[in-house]
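Under the working numbering, the first residue of the sequence shown is numbered 952, with each subsequent residue one higher. Cβ coordinates follow ideal geometry from the N, Cα and C atoms, glycine included.
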Amino acid sequence: MADSRAGLPVRCRNGHSVRVLRSAWSCVLALCALQGGASQAPTTTRIRGLTISTHGNGNDWASDRIVEACDDATGLGANWIAIHPYAGITRQGRVRPWQGRDNPEPIARPVREAHALGLKVLVVPHLAEWGSGFTWRGDIGFDDAAQWQRFFAEYGDWLAGVAAVAQAADAIVVGSELDRTIEHDAQWRKVIAGVRAQTRAPLTYAANWTDYQRVPFWDALDAIGIDAYFPLVDDQVDKPTRQELEHGWAKHMADIAAFSRRVDKHVVFTELGYNRSWRAAHAPWEYKTDGSDAEPLQAMCLDVALRAVEAEPRLVGCFLWKWFPPPRRNSRNFPLATEANMAVIRGAWAATRAVSWR
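Below, the structure written as structure tokens:
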């Protein structure tokens, strides 16, 4: 999730001989690759994804609580979950894995349990900037060539390790909101190749909403990933109406669809969420949480967003931010597990809708 800074968020592969991929997204991407582009993809079911976060450094991903969280997801109508394993980062470019080869179960168990319940899994590795001196992930960058070289080497090793542990996952994200790194095109392509060597799963990158058109390596990936914290109204709007929210999404969707067609890749919202905040429509990335009287606005923002996603054929689907395993299904910010939000999600995901990627 992005913070604010200066008024803005500072915040398949496939060959003819590969095994049959297990997910709606995987099948779409596989057929696109075989048929020569996103414009020729078939009809399939949208991704309705729920991000399962963690209260305990990933410990609950490795516990029986992940089973309950997956049950929650199916009860809401989700067909995917996402998890986000972590590594620490230092100012000198050192990457310190929290989950990966040396601690595989917080990644491996969610994949097993989700598959047992008929859910698919997206793995979204995150760099944890806390205590590093970086203000958020989009601030991560280095002072000299040696630090950049160290960062990409260690980050690539960690990602390859995560991919090796998550070989059975249905899709993997190679980076999330690393805005200051994306200009290093050659290094990113090397990282992506290293992940490809470990998995046949489709790959994407989770671009900050401000920067998805700046990413130079979409051609090396299988879909355009966006953390979709788009502002829907400007600061002159006091209390947004549903019509104003719909108008905001219509403008953003037009830009997203045009970019999707230009690079011949479909889009997945790797994060989509709203805080319980009176600023939810103005600055969806902000962490400040307001009282229960802001819940109706949060729920309306979520409802409008989900229906906009369902209506846009260039979008594969979305992953909602964020849900926690029981007993505390919410955190102090971005609480998703409220009665109002759950009713919105069930309503939006009630029917099995098909979409043509033409």
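For the stretch 1148 to 1201, list the beta strand (DSSP E) runs that are entirely contained and at least 3 residues long, ordered along the chain. Listed in chain order, they are 1154 to 1159, 1175 to 1178.
Does DSSP put residue 1226 in a helix, a strand or coil? Residue state, collapsed to three classes: coil.
Would you call the stretch 1121 to 1130 and the stretch 1077 to 1097 touching, i.e. three or more CB-CB distances under 8 Å? Segments in contact, yes.
Continuous alpha helix (DSSP H) assignments of at least 4 residues falling wholly in the stretch 994 to 1035: The qualifying runs are 1016 to 1027.
Give me the Cβ distance between residue 1032 and residue 1060, rounded to the nearest whole Å; I'm assuming they're in contact under 8 Å. Between residue 1032 and residue 1060 the beta-carbon gap is near 12 Å, outside 8 Å, which marks them as no contact.
Pull the bridge partners of residue 1037 from the DSSP assignment, please. Note: residue 1037 sits in a beta bridge opposite 1077.
Cα separation between residue 1291 and residue 1185? Approximately 25 Å, taken between the alpha carbons.
Can you tell which of 1211, 1200, 1282, 1090 has its C-alpha closest to the C-alpha of residue 1173? The shortest C-alpha separation from residue 1173 is found at 1211.
According to DSSP, is residue 1265 helix, strand or coil? Here DSSP, grouped into helix, strand and coil, assigns residue 1265 to coil.
So, at 6 Å on beta carbons, what are the nonlocal neighbours of residue 1055 in its own chain, with the 5 sequence-adjacent residues on each side left out? Correct list, in chain order: 1116.
Which of helix, strand or coil does DSSP assign to residue 1271? In this structure, residue 1271 counts as strand in the three-state DSSP scheme.
Look at the alpha carbon of residue 1170 and the alpha carbon of residue 1094, and state the distance between them as a whole number of angstroms. Rounded to the nearest angstrom, the two C-alpha atoms are 28 Å apart.
Between the CA atoms of residue 1257 and residue 1296 - distance to the nearest angstrom: Rounded to the nearest angstrom, the gap between the Cα atoms of residue 1296 and residue 1257 is 8 Å.
Nearest to residue 1224 (by Cα), restricted to the options 1028, 996, 1242, 1248: Cα-wise, what sits closest to residue 1224 is 1248.
Straight-line gap, residue 1200 to residue 1164 (C-alpha atoms, nearest Å): Answer to the nearest angstrom: the Cα atoms are 17 Å apart.
Residue 1134 classed as buried or exposed, judged by whether at least 16 other C-beta atoms fall within 10 angstroms: Taking a 10 Å sphere around the C-beta of residue 1134, we find fewer than 16 other C-beta atoms and assign the residue as exposed.
Pull up the CB-CB distance for residue 1270 and residue 1025, whole angstroms please, since I reckon it's below 8 Å. In fact, because the Cβ distance is near 15 Å, the residues do not count as touching under 8 Å.
Between residue 1157 and residue 1221, is the Cβ-Cβ spacing less than 8 Å? Contact: yes.
Please determine, among 1282, 1277, 1196, the residue with the shortest C-alpha to C-alpha distance to residue 1254. Comparing Cα-Cα distances from residue 1254 to each of 1282, 1277, 1196, the minimum goes to 1196.
Exposed or buried, which one is residue 977 when buried takes at least 16 other CB atoms within 10 Å? Here residue 977 scores only 47 on pLDDT, less than 50, and its place in the model is too uncertain to base an answer on.
Sequence-distant residues of its chain with Cβ nearer than 6 Å to residue 1130 (five each side left out): Taking residue 1130 as the centre and dropping the five residues before and after it, the same chain places the C-beta of 1089, 1159, 1162 closer than 6 Å to its C-beta, in chain order.
Could you check the C-alpha separation between residue 1139 and residue 1181 for me, to the nearest Å? Rounded to whole angstroms, residue 1139 to residue 1181 spans 25 Å at the Cα level.
Return the chain-ordered ranges of every beta strand (DSSP E) run that is complete within the stretch 1090 to 1149 and spans a minimum of 3 residues. 1122 to 1127, all fully within the stretch 1090 to 1149.
Which one of 996, 1286, 1021 has the shortest CA to CA distance from residue 1276? Comparing Cα positions, the closest option is 1021.
Could you tell me if residue 957 is buried or exposed, where buried requires 16 or more neighbouring beta carbons within 10 angstroms of its beta carbon? Only weak support is given to the placement of residue 957: the predicted model assigns it a pLDDT of 29, under 50, and the value that follows is read from those uncertain coordinates. Under this definition residue 957 is an exposed residue.
For residue 1298, which of helix, strand or coil comes out of DSSP? When secondary structure is reduced to three states using DSSP, residue 1298 falls in the helix class.
Per DSSP, the bridge partner or partners of residue 1054: According to DSSP, residue 1054 bridges with 1051.
Buried or exposed for residue 1178, please, with buried defined as at least 16 other CB atoms from any protein chain shown within 10 angstroms of its CB. That one is buried.
Residue from 1264, 997, 1007 with nearest C-alpha to residue 1205: It is 1264.
Determine the DSSP secondary structure at residue 1210, reduced to helix, strand or coil. Collapsing the DSSP output to three states places residue 1210 in a helix.
Which partner residues of residue 1046 appear in the DSSP bridge assignment? DSSP output for residue 1046 lists 1040 as bridge partner(s).
Spell out the partners DSSP gives residue 1071 in its beta bridges. DSSP links residue 1071 through a beta bridge to 1031.
Could you check the C-alpha separation between residue 1259 and residue 1227 for me, to the nearest Å? So the two alpha carbons sit approximately 20 Å from each other.
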